[in-house]
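Chains as they are written, first to last, in the UniProt record's numbering: chain A, 1 to 337; chain B, 1 to 337.
First the structure, in the form of structure tokens, and then the observations on it.
Protein chains: 2
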Amino acid sequence: MFNFDEEHYLQLGRDAYALREKVENLADELTKKGFENLFFIASGGSLALTDTFEYIWRTKSKIPVYSEMAAEAVLKENKQLNERSLVILQSKSGDTKETVAAAKYLKEKGITTIGIVRIADSPLDQIVDYSIVEKVENFAGGDPENMVLYFLLFRMLYNNGEFPNYKKFADELENLPKALVSVRQQADKKAEEFAAKYKDEQYQLWIGSGSLWGKTYSYSMCVLEEMQWIKTKSIKAPEYFHGTLEIVEDDTCVVLLRGEDETRVICDRVENFTKQHSSKFTVFDTKDYVTEGISDEFRVIIGQLIMTGVLDRISVYLEKMRNHSLDIRRYYRVLEY
Amino acid sequence: MFNFDEEHYLQLGRDAYALREKVENLADELTKKGFENLFFIASGGSLALTDTFEYIWRTKSKIPVYSEMAAEAVLKENKQLNERSLVILQSKSGDTKETVAAAKYLKEKGITTIGIVRIADSPLDQIVDYSIVEKVENFAGGDPENMVLYFLLFRMLYNNGEFPNYKKFADELENLPKALVSVRQQADKKAEEFAAKYKDEQYQLWIGSGSLWGKTYSYSMCVLEEMQWIKTKSIKAPEYFHGTLEIVEDDTCVVLLRGEDETRVICDRVENFTKQHSSKFTVFDTKDYVTEGISDEFRVIIGQLIMTGVLDRISVYLEKMRNHSLDIRRYYRVLEY
């Protein structure tokens, strides 16, 4: 495939899977210690990545889960965030300043923190109570972070009697990197065609729901806006019908990300409406992609990664066809502000 | 003021205030009955309106609060939503189909529901356990709903020992409608100038944080998109720095809604950055508007209504200058979909 190092990707998958025992032991320790609620605290794409976990956790667990933007978490009091909370913080670089500040704030309050980072000895790695360091370099995607969160969160659900099939799931995750290479192969042609057709659209409306909302939000913001400087609106599928749909005209570029969770029927409604009113409408549906070695019962859980595979292929073609590197920024980490 | 019926607005305020005793009695009954957590379930603008209450509740109460889009709530299981929950549903028309379906779903599950509607005997009014009907017609804004929620939620906080100054607050609310007329007068000139300057912008980026996020989101979606067919992106101030800022150029129309809560310093950062990179940048700040008869300690609580006053003035000028009625829709309640 164009601009995809399969062997490198598979190696990252093996490295992430190799963390299984370590992460499961941590999950067991945390379960034993006990916690009253679970928080995800991060910024931007790292917070959006956890949205799918929050969605699924809520459908399975009696333990409340919340998420907070790091910059807000340190400023305001949240009465649910206390010394009986368990907080997961994530930052690839390990030095995202809002997230590092949040980790310090939590430490001072005596709240248990887990960090997921890619750089050992980075500020976040040093501050948190428990750190999981991935061996990942030169890879923009969040696939390894998802793997770590599967082991951590679903093991805790299992310990809590809320996900009995954990062992089967975790065993099957060994097949996931290969399945996700295959997803990229299956999606490649459609992604290339999408990029060719819409590369010059200066505004794109992206719609998603349920467990794919975080992905919809972050692809719009962190790839199209941040890396390609294309204006976007991302909107939750149910909300689309309460305002945003009015801007749709025949030449409005609209994309729907459809998954396989409970909210799929809302996406059907989005499709039925939008295909009648825009001739620039595209649906990407996780159901179109086979993931060998992963049982159907786990498809929703890995849905975000299936969609990531599809969207990653769009990104590389946009980069090439627009002659706009995914790595250049005007402001972020370029200017001080 | 142009296109503002002051006497009618004040009458609506008196009507809403007149509900105080009834709503407080309901709050007391609900407190006595007890509840494990609080849910807001609605769609679009009606859900966005409750966002500020969720924000403030979280900073004050030990009782967890959640919000759900009505269309998703009926499809997926949320383990926190159970017969010990208290659910507030809101729909001005009382017949928003997703919200009515959610009320039915909750009733079947034996979960306590409160409805806030404007039309007596509407479907939502009929289904819920407790209904609060406002005498409001021909008024698009959500000001009366806010008044009802103040009496309901802050009385429950008071009952719970979490808002000791309730009586002072509720007494002062009698002054609120007049103060909000004054806010509109104070904001009128700036609003007219804003509308004149930016009426032809086909894309606008709106930024808000904390207790004003819901307002930022709903003004973009329910007024600019739905009523004026202007494309927008709304983004939370902390998130702006993790992607969206990269699309800002000198001619990008950007608006910041700044409030007086804990997250105000994040807005300062947004302002410092954006004013250097866009020459079409506007800040609307609740602090610029005096609200006589309301103590400083309650300013954050009424912040959403101060901003509503400002934005309502923009709306009427956009309607006039763009010759585009706020009442016309292409699709919503026009087509079946």
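Beta carbons: idealized from backbone N, C-alpha and C, even for Gly.
Just verifying my parser: in three-state terms, what is the DSSP assignment at residue i?
i, result
"A/SER85", "strand"
"residue 399 of chain A", "Summary: the structure shown does not reach residue 399 of chain A, with chain A confined to residues 1 through 337, and so no result is reported for it."
"A/GLY208", "strand"
"A/ILE56", "helix"
"B/ALA18", "coil"
"B/MET1", "coil"
"A/LYS178", "helix"
"A/GLU172", "helix"
"A/SER43", "coil"
"A/TYR331", "coil"
"A/VAL316", "helix"
"B/LEU305", "helix"
"residue 344 of chain A", "The structure shown does not extend to residue 344 of chain A, since chain A is modelled only from 1 through 337, so no value can be given for it."
"A/GLN185", "helix"
"B/ASN159", "helix"
"B/VAL23", "helix"
"B/VAL65", "strand"
"A/GLN80", "coil"
"B/ASN165", "coil"
"B/ASN146", "helix"
"A/TYR240", "helix"
"B/LEU38", "strand"
"B/GLN90", "strand"
"B/TYR9", "helix"
"A/TYR203", "strand"
List the residues of chain A that residue i touches, going by C-beta distances under 9 Å, in chain order.
i, result
"residue 391 of chain B", "Residue 391 of chain B lies beyond the range of chain B shown here (1 to 337); nothing can be said about it."
"B/PHE273", "TYR331, LEU335, TYR337"
"B/GLY210", "GLU72, LEU75, LYS76"
"B/LYS215", "None at all; the shortest Cβ gap to chain A is about 14 Å."
One question on the structure: do residue i and residue j come within less than 7 Å of each other, judged by their Cβ atoms?
i, j, result
"B/ALA102", "B/VAL148", "no"
"A/LEU124", "A/VAL100", "yes"
"B/ILE207", "B/LEU256", "yes"
"residue 340 of chain B", "B/TYR289", "Past the edges of chain B, shown from 1 to 337, lies residue 340 of chain B, and the structure says nothing about it."
"B/ARG58", "A/ASN78", "yes"
"B/ILE41", "B/ALA16", "no"
"A/VAL136", "A/VAL117", "no"
"B/VAL23", "B/LEU153", "no"
"B/SER93", "B/PHE39", "no"
"A/CYS222", "A/GLY45", "yes"
"B/MET227", "B/THR31", "no"
"B/GLU336", "A/ILE247", "no"
"B/LYS287", "B/GLU260", "yes"
"A/LEU10", "A/PRO144", "no"
"B/GLU98", "B/SER61", "no"
Run down chain B in chain order and give the residues with a C-beta less than 9 Å from the C-beta of residue i.
i, result
"A/HIS324", "What A/HIS324 touches in chain B: nothing, since even the nearest Cβ is about 11 Å away."
"A/GLN304", "Simply none; closest approach about 16 Å."
"A/THR59", "LYS76, GLU77, ASN78, LYS79"
Which residues in chain A sit within 8 Å of residue i, going by Cβ to Cβ distance?
i, result
"B/VAL265", "LEU75"
"B/GLY45", "HIS242, GLY243"
"B/ARG269", "TYR337"
"B/CYS222", "HIS242, GLY243"
"B/GLU108", "Under the 8 Å cutoff, chain A gives no residues; its nearest Cβ is about 17 Å from B/GLU108."
Would you mind telling me which residues of chain A sit closer than 7 Å to residue i, beta carbon to beta carbon, in chain order?
i, result
"B/THR232", "LYS233"
"B/TRP229", "GLU246, ILE247"
"B/PRO64", "PRO64, GLN80"
Find the residues of chain B that neighbour residue i, judging by a C-beta separation of less than 7 Å, and give them in chain order.
i, result
"A/GLU225", "GLY243, THR244, GLU246, ILE247"
"A/MET69", "LYS236, PRO238, GLU239"
"A/TYR203", "TYR203, LYS231"
"A/GLU297", "Ordered by position in chain B, no residue passes the 7 Å Cβ test against A/GLU297, which lies about 16 Å from the chain."
"A/GLU262", "LEU75, LYS76"
"A/GLU98", "PRO238"
Contiguous beta strand (DSSP E) assignments of at least 3 residues, all confined to the region 250-302 of chain B: Qualifying beta strand (DSSP E) stretches, in chain order: 253-258, 281-285.
Three CB pairs or more closer than 8 Å across the region 250-264 of chain B and the region 250-257 of chain A: no
Segments of 3+ residues assigned as beta strand (DSSP E) that fall wholly inside the region 102-141 of chain B: 112-117, 130-133
The region 157-170 of chain A in contact with the region 264-283 of chain A per 3-pair CB rule at 8 Å: no
The region 174-194 of chain A touching the region 122-136 of chain A, judged by at least three CB pairs closer than 8 Å: no
Cβ contact check for the region 49-67 of chain B and the region 207-222 of chain B: 3 or more pairs under 8 Å: yes
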